[in-house]
Amino acid sequence: MLRFVTCDVFTETPFAGNPLAIVEGADGLSDAAMQTIAREFNLSETIFVQRPDESAHTAKVRIFFPTAEIPFAGHPTIGCAIHLALTTAPEGDFSTEITLEEVAGLVPVQVQRVAGRISAELRAPVLPHAWTGGACPSVAEISAALGLKAEDIGFDGHLPGVWQGGPGFAYIPLRDEPALTSARPSGAAWEDLCRATGLNNAYVYTAGQDGSYSARMFAPGDGIPEDPGTGSASAILAAQLLACGALPEGETRLRLEQGRAMGRLCEIGLRVLVVDGALSAVHVSGSAVRISEGHVAIPGA
Numbered sequence: 001m002l003r004f005v006t007c008d009v010f011t012e013t014p015f016a017g018n019p020l021a022i023v024e025g026a027d028g029l030s031d032a033a034m035q036t037i038a039r040e041f042n043l044s045e046t047i048f049v050q051r052p053d054e055s056a057h058t059a060k061v062r063i064f065f066p067t068a069e070i071p072f073a074g075h076p077t078i079g080c081a082i083h084l085a086l087t088t089a090p091e092g093d094f095s096t097e098i099t100l101e102e103v104a105g106l107v108p109v110q111v112q113r114v115a116g117r118i119s120a121e122l123r124a125p126v127l128p129h130a131w132t133g134g135a136c137p138s139v140a141e142i143s144a145a146l147g148l149k150a151e152d153i154g155f156d157g158h159l160p161g162v163w164q165g166g167p168g169f170a171y172i173p174l175r176d177e178p179a180l181t182s183a184r185p186s187g188a189a190w191e192d193l194c195r196a197t198g199l200n201n202a203y204v205y206t207a208g209q210d211g212s213y214s215a216r217m218f219a220p221g222d223g224i225p226e227d228p229g230t231g232s233a234s235a236i237l238a239a240q241l242l243a244c245g246a247l248p249e250g251e252t253r254l255r256l257e258q259g260r261a262m263g264r265l266c267e268i269g270l271r272v273l274v275v276d277g278a279l280s281a282v283h284v285s286g287s288a289v290r291i292s293e294g295h296v297a298i299p300g301a
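Take the sequence shown: its position 226, counting from 1, is numbered 226 in UniProt numbering, and each next residue is one higher.
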């Protein structure tokens with residue numbers, strides 16, 4: 001039996017945010033066993049903690065959808081880093097760096113607790129860049145795939161784009177909150193969209209108040225009908241915003257909201273550094289709260 005904990009990420013409120021399963025002591029587990037356990041939890045992601053390859057690092061981790069392994073994801077990274085930090089500092093204020101070895105590369109995470117409030121900020125291991133696995137869909141393809149009208153697509157210079165930074169995402173700007181609320185994958189047209197982009201997802205977003213954005217992320221082909229909070233997509237959003245002229249030179253801090261339509265509001269921080277018109281660093285931040293703990297059987301044992 002392996003010990004696990006679950007937590008809700010990108011929130012300080014229990015039973016909100018994005019649920020995560022963290023499986024400890026996963027050294028020696030086969031890929032198939034990890035996939036079976038992830039499918040059993042059936043959350044957006046499950047993260048498996050192993051001993052690091054390099055002693056200077058905190059842990060090696062593997063991250064799985066219910067259907068497949070992925071190289072990097074923000075909400076498991078944030079949740080796992082907070083969990084590992086709390087195992088060594090269960091009480092009092094602290095500030096520490098957790099370094100996770102992920103398939104996409106090393107991910108440093110700054111974790112702190114100040115006046116009882118805990119937060120973590122990761123640095124994206126790969127700078128977001130253009131997706132090369134498919135085409136950017138047309139407005140007609142997008143509106144059909146999401147059950148929207150053509151005039152719902154785009155706002156203030158924001159046009160659809162497809163970007164990657166470990167995983168890849170199709171970014172669909174929508175003109176207002178009603179369009180965001182109405183969007184949902186629509187049958188064969190959704191499948192056509194996925195074939196065009198070479199992806200199984202769409203990250204739809206619209207402008208909020210005071211420099212914020214509201215978003216939703218659909219990935220039914222990956223076993224995720226809708227994700228409450230997608231940290232990797234939040235990081236890669238930086239490339240989409242830069243391409244749409246929404247990021248100035250220097251450092252920009254943004255607040256992203258996701259999961260409201262699911263009743264699991266996620267509050268995600270995005271900090272982006274632009275130097276000479278190009279992305280130089282991308283950081284994603286948020287909190288997490290523990291929900292449960294227990295033991296899970298090892299498949300085949």
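We put the CB at the ideal spot given by N, CA and C, even for glycine.
Closest by C-alpha distance to residue i, when choosing among the options
i	options	result
A140	V111, G92 and D192	D192
T87	M1, A26, V103 and V111	V111
P66	N42, R51, E91 and R271	N42
P173	A150, P167 and C194	A150
R271	P299, S292 and L242	L242
L223	P19, S44 and R3	Reading off the sequence, residue 223 comes out as Gly, not Leu. That would be S44, whose Cα lies nearest to the Cα of G223.
residue 350	E102, G105 and V109	Any property of residue 350 remains undetermined from this structure, which presents the chain solely from 1 to 301.
S280	Y205, P248 and G134	P248
R184	I142, A278, T46 and D276	I142
T36	E69, T11 and T181	E69
P178	C194, G208 and A188	G208
G161	A135, G147 and T181	A135
V274	G294, E251 and E293	E251
residue 389	G168, A120, T99 and G147	Examination of residue 389 is not possible in this model, given that the chain is present from 1 through 301 alone.
G147	Y171, A170, L180 and A120	L180
D31	R62, A85, E91 and G221	R62
A59	G221, T206 and L84	L84
G221	F15, G198 and V204	G198
D53	I291, D93 and L106	L106
M217	I291, R3, A170 and A278	A170
I268	L237, E91, A104 and P90	L237
S182	C194, Y205 and N200	Y205
R3	D93, P14, W190 and Q50	Q50
Boundaries (first-last residue) of the alpha helix (DSSP H) holding residue i
i	result
E40	D31 to F41
E177	E177 to S182
Boundaries (first-last residue) of the beta strand (DSSP E) holding residue i
i	result
C244	C244 -> no beta strand (DSSP E), and no H or E assigned at all.
H283	A278 to G286
A144	Run containing A144: none in the beta strand (DSSP E); it sits in the alpha helix (DSSP H), V139 to L146.
R271	C266 to V275
T46	T46 to Q50
D152	No beta strand (DSSP E) contains D152, which DSSP labels as neither H nor E.
L254	G250 to Q258
G168	G168 to P173
E226	I224 to D227
T11	First-last for T11: undefined, no H or E at that position.
W163	G161 to Q164
P19	N18 to V23
I63	A59 to F64
C-beta atoms of residue i and residue j nearer than 7 Å
i	j	result
residue 383	V23	No statement about residue 383 is possible, as the shown extent of the chain runs from 1 to 301 and does not include it.
residue 373	M1	The first residue shown for the chain is 1 and the last is 301, placing residue 373 beyond what the model contains.
Q258	A215	yes
D210	R175	no
E101	H57	yes
P299	A33	yes
F72	G166	yes
G28	S232	no
F64	T46	yes
W163	A239	yes
A196	P137	yes
S186	A219	no
A288	G79	yes
R290	C7	yes
S212	R253	no
E293	V103	no
Contact between the region 151 to 158 and the region 101 to 117 (3+ Cβ pairs under 8 Å): They do not touch, by the three-pair rule.
Sufficient close CB pairs (3 or more, under 8 Å) joining the region 226 to 235 to the region 254 to 274: When C-beta atoms of the region 226 to 235 are compared with those of the region 254 to 274, three or more pairs fall below 8 Å, so the two segments count as touching.
Complete runs of the alpha helix (DSSP H) confined to the region 69 to 126 [at least 4 residues]: Runs of the alpha helix (DSSP H) inside the region 69 to 126: 74 to 88.
Secondary structure, beta strand (DSSP E): runs of 3+ residues fully inside the region 190 to 218: 202 to 207, all fully within the region 190 to 218.
Cβ contact (3+ pairs, closer than 8 Å) linking the region 119 to 128 and the region 272 to 289: By the Cβ test, the region 119 to 128 is in contact with the region 272 to 289, since at least three Cβ pairs between them sit closer than 8 Å.
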